[in-house]
């Protein structure tokens, strides 16, 4: 599983765009074949997780989230050492950034609109000081089309206070106009990667295609952000010892003799029932 060598980017411009919009992307970061292998790993993990309690968390009708072991994703190391990922994390989160989560969302035909939301409450560092302390990298397993329920994001909302929202994550419907005015749908192709503040308000849309749309999620924190407590990454000793130094430096995980199934801790209350189309 090799990376696509032809990508180019201006990291200073990208960091500035992330600060303004709350989301950026890099087209062709990986080859389509790399993404195809990733999709196979995601769907294999899904069919295993859905059969055990706590293995797959509902994020609305016909939509699930599954955390996986890094070793269950053959492209994990290639992802976390990718130059763009390393550059963005270092510039935005600092040289001691922490990789705290790997998992994936997968909507199937029949998935509904989600309510507008962010992934967790905003810390004071962000809503007051306008500093981003956590990033979510997304990689699609398919070439996204309109009928696949594309991801919808409201750029520039990562600094919204949100403390008065339900669970400090779900703005009231009376406020949705602000997000719908800004709403942008994303149509990534296999091999593309995006990065956003997990606080940028977003939602999944109605999925009408018979083709599932799995998307890998890599969660990265600045030191002290605290989201590692919501996850439980574990790896075996031989796999950990074989990692390149840069991967070992940033990966927050338990090193175990034997992997055990993951029981997920990060259940976003409020996404289970979905929302009415708007």
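Residue numbers (the working numbering): 85 to 362.
We put the beta carbon where it would ideally sit given N, CA and C, even for glycine.
Given that a residue counts as buried once 16 or more other Cβ atoms are within 10 Å of its Cβ, and exposed if not, what is residue i?
i	result
residue 248	exposed
residue 295	exposed
residue 138	exposed
residue 322	exposed
residue 181	buried
residue 131	exposed
residue 153	buried
residue 261	exposed
Do residue i and residue j have their CB atoms nearer than 8 Å?
i	j	result
residue 286	residue 195	no
residue 102	residue 95	no
residue 123	residue 191	no
residue 214	residue 345	no
residue 199	residue 263	no
residue 38	residue 178	The requested residue 38 does not occur in the structure, where the chain is confined to residues 85 to 362.
residue 228	residue 143	no
residue 299	residue 225	yes
residue 275	residue 97	no
residue 238	residue 210	no
residue 185	residue 151	yes
residue 205	residue 252	yes
Beta carbon of residue i: closer than 7 Å to some heavy atom of the ligand FAD?
i	result
residue 348	Of ligands this structure carries none, so the ligand FAD is not represented either.
Near residue i, what residues of its chain come up, given a Cβ to Cβ distance below 6 Å and the 5 sequence neighbours on each side ignored?
i	result
residue 357	Here the model assigns residue 357 a pLDDT of 48, short of 50, so the residue's position is not dependable, and the following value carries that caveat. Contacts found: none.
residue 335	183
residue 134	140
residue 329	none
Nearest by alpha-carbon distance to residue i: which of the options is it?
i	options	result
residue 174	289, 266, 217 and 189	217
residue 266	241, 276, 113 and 283	241
residue 310	189, 132 and 219	219
residue 280	222, 126 and 92	222
residue 402	278, 316 and 327	Outside the shown range of the chain (85 to 362) lies residue 402, about which nothing can therefore be said.
residue 188	176, 156, 171 and 204	156
residue 202	250, 231 and 100	250
residue 230	171, 273 and 348	273
residue 100	176, 125 and 126	176
Less than 8 Å between C-beta atoms, sequence neighbours within five positions excluded: which residues of the same chain meet that for residue i?
i	result
residue 207	217 and 309
residue 332	324
residue 342	320
residue 327	161 and 335
Take residue i and list the residues in its own chain whose beta-carbon comes closer than 7 Å to its own, dropping the five residues that flank it on each side.
i	result
residue 364	In this structure the chain extends from 85 to 362, so residue 364 is not present and cannot be described.
residue 318	153, 337, 338, 340 and 343
_I'd like the ranges of any beta strand (DSSP E) spanning at least 3 consecutive residues and lying wholly in the stretch 308 to 355._
For the stretch 308 to 355, whole beta strand (DSSP E) runs of length 3 or above, ordered along the chain, are 318 to 320 and 338 to 340.
*asked:* For a minimum of 3 consecutive residues, which ranges assigned as the beta strand (DSSP E) are wholly contained in the stretch 190 to 240?
replied: Runs found: 218 to 224.
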